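Enquirer: In our numbering, the protein residues as written are 8 to 74. Beta carbons: idealized from backbone N, C-alpha and C, even for Gly. These numbers were taken from a predicted model, which means no experiment stands behind them.
#1: Hey, out of 50, 68, 59, whose CA is closest to residue 20's CA?
#2: Could you compute how far the alpha carbon of residue 61 sits from the alpha carbon of residue 50?
#3: Alpha carbons only, please: which of 43, 37, 53, 64 is nearest the one belonging to residue 14?
#4: Rounded to whole angstroms, what's the CA-CA distance from residue 25 to residue 10? Just pull it up for me.
#5: Please report how far the alpha carbon of residue 18 lies from the alpha carbon of residue 33, in whole angstroms.
#6: Measure the Cβ-Cβ separation of residue 16 and residue 28 and say whether it is below 8 Å.
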């Protein structure tokens, strides 16, 4: 499985930070902080982000811990 960042997944999905933030119900700045520090994102929020971005949870949030 190829690892990607939240930002890479968002760009591939053709969404802006504001788009994803609105779907999550958070401010753009709060979402930007999640992109910068994915380790601090709660699991349920991480899964929602992946659903919005159309990618697998493990591809973004789990792969860095698997090694």
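Expert: Considering the structure as presented:
#1: When only C-alpha atoms are compared, the closest one is 59.
#2: 16 Å
#3: The residue among 43, 37, 53, 64 with its C-alpha nearest the C-alpha of residue 14 is 43.
#4: 23 Å
#5: 19 Å
#6: no
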